[in-house]
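S.K.:
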Amino acid sequence: MPTVIGNSNQDEISGTNARVFKDSDGSLGLLISDLETRPDLPKFENLEIDFRPEKILNVPGYPPRKIRNCIEVRLDPSCDSDLLATILGRMHEIEPSGAFSGELLFGVIDEVVEIVRRPPRPPSKEEVIGVWGEMYLLHLLLAGSESTDHRIKILSCWESDGGARDIIDFRFPHASGGTSIEVKTSISERSHHINGISQVTVPDGYSNGLLGSLIIAETDGSSGKTSGGLLADLRALVHDSDEGFREFIGSLESKVSIRGPECSDERYFFSARDGALRLIPVASVPKPTIGDGITEVEWVADVSGCMEMDADGAASLLSSISSP
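Heads up: the sequence shown begins at 1171 in the working numbering, then just goes up one per residue.
This is the structure in structure tokens:
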């Protein structure tokens, strides 16, 4: 690999038309100059790529120098700094002359990024607990319905904000004049993190807003379910011979894609006892006092002493959601 010369924030790679640089914000980058043609600029995750028709290099101790037809590649701070050396080394293997082209640069980036791509961070235990509770309630509601069409309708009410996460987990416009349920799950006390006032506010046009407080227990795997196991149970509610099977499975996979990889996690086992789920009107959830100039807050609410729906009322409400 060619050696780097110079001690400035823009160091020339001897014998090539490449330079490495470090911006004032600390981000590292690679610059290729004197290109014969302007290439199409591809998009890469965690890389910012720009074309500069000309650029002035200011190196301490030297007069300003103008270079032309440049590509700048900046690495996101999350990228390993060794990625630049890997890219330069691979380009020099392919083009020993050091006359690097834009096409060569992008081809090597495509190759190298695939090789050094870091595996995604697995979901945290707290994230898995959160989605476990949502799928527990979803399974309860779907299992209470005998119609595949209605199950599809119920499923559409989970993360119902189009193709993105919703601030409220479930919105059931067909149940009791419109009912929303935000599920909060814990393995200890009924103290839950509230992600904003909107989570405990009755949505416009709805009659009821509820916080579903669920207490679960972690098991050693000899009992209980993983979130991946719950997902398998959801899939098993319909059979491939059922009318609407493909639509149900397609809708479920779409929701799982929105909700994230924690839906299929197989590391943690949990169980929920009878009566573990409490439905609490959002008006009863403790809320902080919001002063002037504050537009949003997050807080932890202890709902153990909050008024909840009685068993008959909760059963009736859940039945109204499950029934066509």
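The C-beta atom is built at its ideal place from N, Cα and C for all residues, glycine as well.
If you draw a straight line from the alpha carbon of S1294 to that of E1432, how long is it in whole angstroms?
M.R.: In the sequence shown, residue 1294 corresponds to position 124, counting from 1. In the sequence shown, residue 1432 corresponds to position 262, counting from 1. Each residue's alpha carbon lies about 8 Å from the other.
S.K.: For K1425, count the other beta carbons within 10 Å of its own beta carbon; 16 or more makes it buried, fewer makes it exposed. Which is it?
M.R.: One-based indexing of the sequence shown puts residue 1425 at position 255. Per the 10 Å Cβ criterion, buried.
S.K.: With DSSP collapsed to three states, give me the class of A1188.
M.R.: Position 18 of the sequence shown holds residue 1188. Of the three classes helix, strand and coil, the one that applies to A1188 here is strand, per DSSP.
S.K.: Look at the Cβ atom of F1418, then the Cβ atom of R1321, and state whether they are nearer than 8 Å.
M.R.: Taking the first residue of the sequence shown as position 1, residue 1418 is located at position 248. Taking the first residue of the sequence shown as position 1, residue 1321 is located at position 151. The answer is yes: Cβ separation under 8 Å.
S.K.: So what does P1451 bridge to, in DSSP terms?
M.R.: Translated into positions along the sequence shown, residue 1451 becomes position 281. DSSP output for P1451 lists L1380 as bridge partner(s).
S.K.: On the premise that G1277 lies in contact with L1245, defined as a C-beta separation below 8 Å, what is that separation, rounded to the nearest angstrom?
M.R.: Mapped onto the sequence shown, residue 1245 falls at position 75. Mapped onto the sequence shown, residue 1277 falls at position 107. Contact doesn't hold; Cβ gap of about 18 Å is too wide.
S.K.: Taking buried to mean at least 16 other C-beta atoms within 10 Å of its own C-beta, is K1395 buried or exposed?
M.R.: In the sequence shown, the residue the question calls residue 1395 occupies position 225. With 16 or more other Cβ atoms within 10 Å, it is buried.
S.K.: Count the C-beta pairs between the region 1331–1339 and the region 1431–1445 that are closer than 8 Å, then say yes if the count reaches three, no if not.
M.R.: No, they do not touch.
S.K.: Using the three-state DSSP reduction, which class does G1196 fall into: helix, strand or coil?
M.R.: Within the sequence shown, residue 1196 is the residue found at index 26, counting from 1. The answer is coil: DSSP assigns G1196 none of H, G, I, E or B.
S.K.: So for A1345, helix, strand or coil by DSSP?
M.R.: Here residue 1345 is taken as the residue at index 175 of the sequence shown, counted from 1. If DSSP states are grouped into helix, strand and coil, A1345 belongs with coil.
S.K.: What does a CB cutoff of less than 6 Å around W1302 pick up in its chain, not counting 5 residues either side in sequence?
M.R.: Looking up residue 1302 in the sequence shown gives position 132. Correct list, in chain order: S1397 and F1440.
S.K.: Please state whether DSSP places C1433 in a helix, a strand or coil.
M.R.: For the purposes of this step, residue 1433 is taken as residue 263 along the sequence shown, with counting starting at 1. Helix, per DSSP.
S.K.: I need the straight-line Cα distance from P1212 to D1193, nearest angstrom please.
M.R.: Residue mapping note: residue 1212 aligns to position 42 of the sequence shown, counting from 1. Residue mapping note: residue 1193 aligns to position 23 of the sequence shown, counting from 1. When rounded, the distance between both Cα atoms is 22 Å.
S.K.: Ordered along the chain, which non-local residues of its own chain (more than five positions away) have a Cβ less than 6 Å from that of N1228?
M.R.: The residue labelled residue 1228 in the question sits at position 58 within the sequence shown. Within the same chain, N1228 has close Cβ partners P1234.
S.K.: In angstroms, rounded to a whole number, what distance separates the CA positions of F1270 and S1427?
M.R.: In the sequence shown, residue 1270 corresponds to position 100, counting from 1. In the sequence shown, residue 1427 corresponds to position 257, counting from 1. Spanning the two alpha carbons is a distance of roughly 40 Å.
S.K.: According to the Cβ coordinates, are S1377 and G1347 closer than 8 Å?
M.R.: Translated into positions along the sequence shown, residue 1377 becomes position 207. Translated into positions along the sequence shown, residue 1347 becomes position 177. Cβ distance < 8 Å, so S1377 and G1347 count as in contact.
S.K.: Taking C-alpha atoms, which residue in D1204, M1261, H1262 and L1254 lies nearest to R1238?
M.R.: Position 68 of the sequence shown holds residue 1238. Closest by alpha carbon: D1204.
S.K.: Going by Cα to Cα distance, which pick from G1196, S1197 and L1201 is closest to E1182?
M.R.: Counting from one through the sequence shown, the residue named residue 1182 turns up at place 12. It is L1201.
S.K.: To the nearest whole angstrom, what separates the beta carbons of G1382 and E1352, a pair I think is in contact under 8 Å?
M.R.: As a working note, residue 1382 is residue 212 in the sequence shown. As a working note, residue 1352 is residue 182 in the sequence shown. About 7 Å; that satisfies the 8 Å criterion.
S.K.: State the CB to CB distance for the pair G1314 and S1489, rounded to an integer number of angstroms; the pair is presumed to be in contact (CB under 8 Å).
M.R.: Mapped onto the sequence shown, residue 1314 falls at position 144. Mapped onto the sequence shown, residue 1489 falls at position 319. Confirmed, Cβ separation roughly 7 Å.
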